[in-house]
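Residue numbers (our numbering): 11 to 103.
We put the beta carbon where it would ideally sit given N, CA and C, even for glycine.
Here the structure is a predicted model, which is why all the values come from computation and not from measurement.
Heads up, the thing below is written out as structure tokens.
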Amino acid sequence: MTFAHRRAATLVTPPAPKARAYFPPPVYGRHAPTLPPDEAVPGEPEAWEAVQPVRPDTPHVRALRFLNATGDLLAAIVLIGGGMHLIGFATHF
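Here it is as structure tokens:
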């Protein structure tokens, strides 16, 4: 049995890929973004920043602050005292 001669396969090389941009262009190569017409220029105070809040100092406000501080102090005393009581209670058993 005789076989026909095989032809040698021709090598096919794929075309070289184009260069990819792995890194973005440097900062100086980019265009500056344009601001929308209603956007404030950087560095200018906005309307809500121009008004400084004024904290009233009336007896009612001072009383609320005092009650708030007293409640925080009382809560701290109860939590610390309760923890000490539980530790002392647990050592007796």
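For residue i, which of helix, strand or coil comes out of DSSP?
i           : result
residue 75  : helix
residue 102 : coil
residue 96  : helix
residue 70  : helix
residue 21  : coil
residue 56  : coil
residue 80  : helix
residue 86  : helix
For a quick check, are the C-beta atoms of residue i and residue j less than 7 Å apart?
i          : j          : result
residue 50 : residue 56 : yes
From residue i to residue j, what distance separates their C-alpha atoms?
i           : j          : result
residue 71  : residue 84 : 20 Å
residue 101 : residue 78 : 35 Å
residue 16  : residue 22 : 18 Å
residue 65  : residue 97 : 44 Å
residue 26  : residue 53 : 50 Å
residue 75  : residue 43 : 48 Å
residue 20  : residue 41 : 49 Å
residue 69  : residue 87 : 27 Å
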